[in-house]
Amino acid sequence: MKYTIINGSPHKGNTWRLVEIIQAEILRLSPESVFEEIHLKDLELPYCTGCSICFRKGHKLCPHNCIMQSMMDKIEQSDGIIFAFSTFNMQPPALAKNFIDHMCFMLHRPHFFRNKALVVSTTGGVGAKDAVDYVAGTLSGIGFNRCYKLPVLSYSWNAYKPKEKTVAKCKRVTARFHRDVASKKLHAPSFGILLVYNLFRGMSRGYAEGTEYETEDGAYWTDKIRVKSTYDPSIKVPAFKRAFGSVFFSIGVLASKFVTITYKK
Ligand SMILES: Cc1cc2nc3c(=O)[nH]c(=O)nc-3n(C[C@H](O)[C@H](O)[C@H](O)COP(=O)(O)O)c2cc1C
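According to UniProt numbering, the residues represented by the sequence shown are 1 to 265, in order.
Written out as structure tokens, the structure reads:
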């Protein structure tokens, strides 16, 4: 299995102590596993300019696509992603947030349907749960099939020695993540994910080719692979969840008659 570790911290600090435990545990379970480390600070990814071209015309036209495309390719080619970052002011650091901002367009056009992630963060005292929930929520929204969460209290600045209890928890969560990645099983989406997916599916029809405010979202959702399916066709969805998705698709179609997102032409 191939794992990509994305370090969204500006250094190899307390959170990295946990990444080392996670990596060692995966190697203990499957010695043939391979890892690639990406330190976001080395990418020198400029801040998102807010041009919204990714939403409107496609991410390939993003002024920073030369950096982002290779990151997207690396994620796509990985079996598991370990996304690690510090908790700063109860949230992910700016480095991680900027990276996430560049992937936001996939909340409108989910993409990584076969990827699974382990999201890990340490905090001095409070906020790691919120930071991890925020990142895991975004990854699930952009298609990730499953996200495992590991928010941890370090009570430390740069001198963290994880307690035995924390090491045991870290190994437990890692084992679950690794087992799931190795199984290659693709899980059916949750109700929450289906709700958002189908609202977009319904609402984005208003932006199809030939409409007043046509966008890449419109092209994606009217694509013949996607137009009739309550979720990505590569994932099996039970009938009761398909019915649930269809209800929200109809709500989306209705909403699109009352709300139009405009842009400067
Ligand atoms: C800029 C900054 C902001 C921080 N914000 C918080 C915070 O909101 N809550 C908290 O409990 N600890 C906070 N801390 C402490 C860190 O969360 C804690 O030391 C964490 O383990 C750092 O992880 P790292 O060494 O991987 O960067 C902050 C530290 C820094 C440097």
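Ideal Cβ positions, reconstructed from N, Cα and C, are used throughout, including at glycine. The model shown is predicted, which means the values in this text are computed figures rather than measured ones.
Using the Cβ count rule (16 or more neighbours within 10 Å means buried), how would you classify residue i?
i           : result
R28         : exposed
S9          : buried
S183        : exposed
V227        : exposed
W221        : buried
V247        : exposed
H64         : buried
S86         : buried
residue 271 : Past the boundaries of the shown model lies residue 271; the chain is included only from 1 to 265, so the question cannot be answered.
F88         : buried
Thinking just about the alpha-carbon of each residue, which of the options is nearest to the one in residue i?
i    : options               : result
E36  : E20, Y47, D180, G50   : E20
N224 : A208, P238, A239      : A small correction: the amino acid at residue 224 is Lys; Asn does not occupy that position in the sequence shown. Nearest C-alpha to K224: A208.
V135 : M90, T166, W157       : M90
Q23  : G124, I82, G245       : I82
K205 : F249, G245, I26, P233 : Here the sequence assigns Arg to residue 205, which means Lys is not the residue at that position. Considering only alpha carbons, the answer is F249.
H187 : D232, F258, I75, K97  : D232
T15  : K257, L150, I100      : L150
G202 : I261, F177, C66, L254 : L254
Y3   : A84, D101, M68        : A84
G124 : P162, F258, I6, G192  : P162
Residue i and residue j look like a contact to me (Cβ under 8 Å); what is the Cβ gap, rounded to whole Å?
i    : j    : result
S154 : T122 : 4 Å
Y213 : Y263 : 6 Å
L95  : K129 : Contact flag wrong, Cβ pair sits at about 20 Å.
N34  : K116 : Residue 34 is actually Val in this sequence, not Asn. About 16 Å separates the two Cβ atoms, so there is no contact after all.
P189 : V119 : 18 Å between Cβ atoms; not a contact.
Just grab the DSSP bridge partners of residue i for me.
i    : result
C147 : A117
N7   : H39, A84
T122 : S86, V152
V34  : K2
Q77  : Partner(s): none; Q77 has no beta bridge.
(request) State whether the region 191 to 200 contacts the region 48 to 60, with contact taken as three or more CB pairs (one from each stretch) at a distance under 8 Å. (result) no
(message) Can you confirm whether the region 101 to 120 touches the region 136 to 155 when touching is taken to mean that 3 or more C-beta pairs between the two stretches lie within less than 8 Å?
(response) yes
(message) Is it the case that the region 164 to 173 contacts the region 209 to 223, given that we only count it when at least three CB pairs across the two stretches are under 8 Å?
(response) no
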